[in-house]
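Taking it in order: structure first as structure tokens, then the write-up.
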Amino acid sequence: MAERTLVTSALPYANGAIHLGHAVEYIQTDIYVRFLRSCGQDVVYFCADDTHGTPIEINAAKQGIPPEQFVARFHDEHQRDFRDFDIRFDYFHSTNSPENRHYAELIYGRLKDAGDIDRRDIEQTYCEKDKRFLPDRFIRGTCPNCKATEQYGDACEKCGKTYNPTDLIDPKCALCGTPPVRRNSVHLFFKLSRHADFLQEVLKRPGFIHPGLAAQLQGFFEKGLADWDISRDGPYFGFAIPGETDKFFYVWLDAPIGYIATTEKWAKESGRVADALAYWGKDAPTRIVHFIGKDIVYFHALFWPAVLNVAGFHIPNEIKVHGHLTVNGEKMSKSRGTMVAARDYLELLDPSYLRYFYAANLGAGVEDLDLNLKDFRLRVNGELVNNVGNLANRALSLLAGPLEKKLAPGRAEGPGRKLVEDALARVPEVREAFEKLEYRNAIRIITEIASTANAFLQTSAPWALVKKDAEAARADLSDAADVAYLLGALLAPVTPRVSEKLFAQLGAEPLTFQALATAKYPLLDRTRPLGTPEPLLPRLEEERVNAIIKVPAGTPAAEPAKAGGKDKKTEKKPVEAKSPEAVPTTQASPGAGAAEGAPAADIEYADFAKVVLKAGRIVAAEKVKGADKLLKLDVDLGEGTPRTIVSGIAEAYAPEALAGRRVVVVANLKPRKLKGIESRGMLLTAGSGGKDLSLLEPGDVPPGADVK
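Numbering (UniProt numbering), first residue to last: 1 to 708.
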């Protein structure tokens, strides 16, 4: 194993605020780094602002300030937002730094000495009014493929085709609107095409990148790797290329070098190592891990390793790639208010909620993550607040109140000891899930541990024992407190401030994954007094959650959907009765079974009493093949073996969002087959159907408890 680990997140562009889409990556990375540290590993985490390029130079000019001043403002804002989201870098630097200039020039010099820099005369678009060559995003025109208007100079947002800026029909300068002309200019190219064999070998290395992405990257080799233009003409905010006139390093050359420059700056200030080469030297005993979004895979998996290899630096060992964030099932949009700035969120909600929700939905793949506000609220309330938080509060409130903050000694045997030991036995599963970036699996196991402990308290009912047998109550509560202590350790990488509060309330030192490797029952020092308990987090309220979406003033309201000439928002239509064969779902819906237009018939209490409602907990969920509306669920009803239930909630809930969710189940429904799967029960939901469905929650009761 490498002596030390260096972890990075992609550099945010210093041209705007951090938003919740950015936060996916930084939270994902921060969880990983905190986990490694908890395991006792030597790890550092670096990031920096990406500060160069034409957009920054132009936007600074529009505000009448130098680019250096423009990016400095965002540098401060970004650090504040990261800090308040509990993201802890060892150093956060800037690519507009002397360290970055030094390494950019050093690496360029080595590429040049190796014969990997080529000079070529290329034709570009040029604005005679603004007196500048126009980068791709500063030209607009008609797509040469689908003829869509107002498209950028590199790709069409309508048909998705890519092209050269000179291919645009009727191009115009995006700055002033005048048609550009074409001019030739000498540019410098890195000969990426020479390194195809080396890069193919890198892509085959175990763990370097997700296999699916490695397969996608083969498309670049099939077409033939294109050499990379690493220069830009002035005016340009960036580093001048040594030995050239009015030529600057393209931002994608010096931006990733920012990882090395930040290491250098940290080394100088911390004194922990002599310089960046302690980590980035070709043979340094280091594991380098990059976390990035799926839109910049090419740069990090092909261009960057080739440059590092030629220049004699350490190439990355692993590239961890995540998908994009959608909000309420749609692409983030400023006009709809779903491009939520980090600061707007932080002014309303604790960061622990979002960190937990992201973790509960993140796996090692590159699928997109949806911040559905209803799912966000219900899942955080159901799992983090009502499950984990409730366990801690139930146990500690009684211990700190009538039992005077004293814990009981560990027991030689019994269900309480077994509870703790069974929970400890699951720590390796959680550890493996964090190591593999399968955070959602880690969260699933953590919530299962909490649910089991809550069920233990529900069965032992220590609140009823306090007056009759205080020591028996103290023993049960102390074992539950042990589990709460364990949960604090397991959740510390995800929700550090919640774990800190919990450790303080337990009067205990922080518990780490390293300590858990040899931990035994009892976990807590039972001779120490407890601290003062209080709720770890309040429940999320719907109004407060929805308030993070701020639609800009003046945005036209969305057109209401029409049905028969009536506005669906005001039209009141009874729910149509449909036979089970016509609608293959197992959800209960308001009015089902009533004739259209007629009120539901009254029933006798004896009829209602035939329905057995039980509290359940979803153990696993997956889509049913060939049925867009159906999910196959494994639901724990306290029967030993989970039941299979097929439910028509797929439009409202993603399968990965359901593990651990508490539900109300009609438990005595006759089994029936749906899509060849025998379904043994029905979930209760509220709503009109489709995406507008909410699972009913039974509250803090164990699986199998009666719902009345």
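Ideal Cβ positions, reconstructed from N, Cα and C, are used throughout, including at glycine.
Query	Result
Suppose the cutoff is 7 Å on Cβ atoms and the five residues either side in sequence are ignored; what does the same chain contact list for H479 look like?	Checking the displayed sequence, the identity of residue 479 turns out to be Asp instead of His. So the list reads G416, R417, L419 and V420, once near-sequence residues are dropped.
What does a CB cutoff of less than 6 Å around D154 pick up in its chain, not counting 5 residues either side in sequence?	D136
Are the beta-carbon atoms belonging to G531 and Q514 less than 8 Å from one another?	no
Taking all protein chains shown into account, do 16 or more other C-beta atoms lie within 10 angstroms of the C-beta of K562, making it buried, or fewer, making it exposed?	Interpretation of K562 is limited by its pLDDT of 34, a score under 50 that renders its predicted location unreliable; no figure is taken from the coordinates.
What is the C-beta distance between R440 and A360, in whole angstroms, given that I count them as a contact (C-beta under 8 Å)?	6 Å
Checking 8 Å against the spacing of the C-beta atoms, do C173 and F138 come in under that value?	yes
What does the Cβ neighbour count give for A464, buried or exposed, with the cut at 16 atoms within 10 Å?	exposed
Could you work out which residue in E77, I260 and D229 is closest to Y45 when comparing CA atoms only?	I260
Using a Cβ-Cβ cut-off of 7 Å (strictly less than) and excluding sequence neighbours within five positions of G638, which residues of its own chain qualify?	P702, P703 and G704
Going by C-alpha to C-alpha distance, which of E534, R544 and T527 sits closest to K501?	E534
Please confirm if the segment 393-406 is in contact with the segment 313-330, defined as three or more CB-CB distances below 8 Å between the two stretches.	no
Anyone know if the C-beta pair for D86 and R355 falls short of 8 Å?	yes
Nearest-angstrom Cα distance between Q41 and A489?	16 Å
Does DSSP classify Y358 as helix, strand or coil?	helix
Among the candidates E3, R661 and Q200, whose CA atom is the shortest distance from the CA of I445?	R661
What distance in whole Å lies between the Cβ atoms of L188 and R119, which are believed to be in contact at a cut-off of 8 Å?	6 Å
Have a look at G616 and V664 and give me their C-alpha separation to the nearest angstrom.	6 Å
Nearest to A61 by alpha carbon, out of D130, G115 and H102?	D130
Taking 8 Å as the cut-off, decide whether the C-beta atoms of K625 and A650 are in contact.	no
Take E68 as the anchor and find which of D81, Y26, V619 and D50 has the nearest alpha-carbon.	D50
Using the three-state DSSP reduction, which class does F190 fall into: helix, strand or coil?	strand
Pick out whichever of T262, K374, S499 and R83 has its Cα sitting closest to the Cα of L695.	K374
In three-state terms, what does DSSP make of K614?	strand
Near E180, which residues of its chain fall below 8 Å by C-beta distance, leaving aside the five closest residues on each side in sequence?	Looking at the sequence shown, residue 180 is not Glu but Pro. Closer than 8 Å at Cβ, skipping near neighbours: T125, Y126, C127, E128, L134, I139, P171, K172 and C173.
Can you tell me the Cα-Cα spacing of F456 and A395, whole angstroms?	11 Å
State the DSSP-derived secondary structure class of T685, mapped to helix, strand or coil.	strand
Hey, quick one: how far does the alpha helix (DSSP H) through V427 stretch, first residue to last?	V427 to E435
Buried or exposed for V646, please, with buried defined as at least 16 other CB atoms from any protein chain shown within 10 angstroms of its CB.	buried
Just to confirm, are R4 and P285 a CB contact at a threshold of 8 Å?	yes
Thinking C-beta only, is L398 closer than 8 Å to V483?	no
Assuming G141 and I169 are in contact, meaning their beta carbons sit under 8 Å apart, how far apart are those beta carbons, in whole angstroms?	6 Å
Taking C-alpha atoms, which residue in M682, P510, I548 and A23 lies nearest to D344?	I548
In angstroms with no decimal places, state the Cα-to-Cα distance between A196 and H300.	15 Å
Taking the alpha-carbon positions, what's the N59 to L225 distance?	33 Å
If I measure Cβ to Cβ from F89 and keep anything under 6 Å in the same chain, skipping five residues before and after, which residues do I get?	Y45 and C47
Excluding the 5 residues preceding and the 5 following D692 in the sequence, name in chain order all residues of the same chain whose CB lies nearer than 8 Å to its CB.	A652
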